[in-house]
Amino acid sequence: MSDSNRDGASGTHRDPSRGSPRDRWRPAIAFAAVVLTASVVPVPGGGSGGSGLGLGLLGPVAAAIAPTDPFHFVGYAVLAALSARATGYGVRGLVVAAAVAVAFGFGVEVVQTAIPWRTFAWRDSLVNAVGAIVGVVERWIFGPSRRDADAWSPPS
Numbered sequence: 001m002s003d004s005n006r007d008g009a010s011g012t013h014r015d016p017s018r019g020s021p022r023d024r025w026r027p028a029i030a031f032a033a034v035v036l037t038a039s040v041v042p043v044p045g046g047g048s049g050g051s052g053l054g055l056g057l058l059g060p061v062a063a064a065i066a067p068t069d070p071f072h073f074v075g076y077a078v079l080a081a082l083s084a085r086a087t088g089y090g091v092r093g094l095v096v097a098a099a100v101a102v103a104f105g106f107g108v109e110v111v112q113t114a115i116p117w118r119t120f121a122w123r124d125s126l127v128n129a130v131g132a133i134v135g136v137v138e139r140w141i142f143g144p145s146r147r148d149a150d151a152w153s154p155p156s
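Everything in the sequence shown is counted per full-length UniProt numbering, starting at 1 for the first residue and increasing by one.
Written out as structure tokens, the structure is:
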């Protein structure tokens, strides 16, 4: 095997996390498009009113957790983790990844103000932000080891 093949010059052994900025951002952008699409389409059975889950003792918990909260939380955790792939797993990269996800979530909420069947919700923005923070913390804990951090950081 020649040096050019071993170094990934042929493209066959290239680590996708070390590609061009466009390549590193592609998964996050694709997922953001899915989130945006899901955030602007009408929700079947959506509208105001109780969840009607009839949870008995869990009623107070159900009242504190809106039916859409898990979707917001997980969606923005995933978006932040995918963004961290592009920004790098160092502290600065993780902060940027979280900020990108939080800003995108706030932007989606603003877009929803112009859609008749959607509304802006501070609560959703908060859940989005918490999810984004959890997403980058997960990458910080379970991402590449500190020894490999330079290999996973985008080029300067």
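Glycine residues also receive a C-beta, built at the ideal position from the N, C-alpha and C atoms.
Excluding sequence positions up to five before and after residue 77, its CB lies within less than 8 Å of the CB of 131, 132, 134, 135 and 138, all in the same chain and listed in chain order. For secondary structure counted as the alpha helix (DSSP H) over 4 or more consecutive residues, the segment 85 to 142 holds these complete runs in sequence order: 91 to 112 and 122 to 142.
A Cβ-Cβ contact shorter than 8 Å links residue 85 with residue 28. Nearest to residue 109 by C-alpha distance, out of 94, 25, 24 and 38, is 38. With 16 or more other Cβ atoms inside 10 Å of its own Cβ, residue 25 counts as buried. Distance check between residue 112 and each of 67, 80, 35 and 31 places 35 closest, using alpha-carbon atoms only. Counting other Cβ atoms within 10 Å of its Cβ, residue 119 stays below 16 and is therefore classed as exposed.
Just so you know, the alpha carbons of residue 80 and residue 68 end up roughly 18 Å apart. In the three-state reduction of the DSSP assignment, residue 20 falls in the coil class. Taking residue 70 as reference, the option from 144, 141, 124 and 140 with the minimal CA-CA separation is 124. Using a Cβ distance threshold of 8 Å, residue 105 and residue 129 count as a contacting pair. In the structure shown, residue 29 adopts helical secondary structure according to DSSP, grouped into three states. The beta carbon of residue 115 sits closer than 8 Å to those of 40, all from its chain and outside the five residues before and after it, given in chain order.
In summary, residue 30 is exposed, with fewer than 16 beta-carbon neighbours lying within 10 Å of its beta-carbon over all protein chains present.
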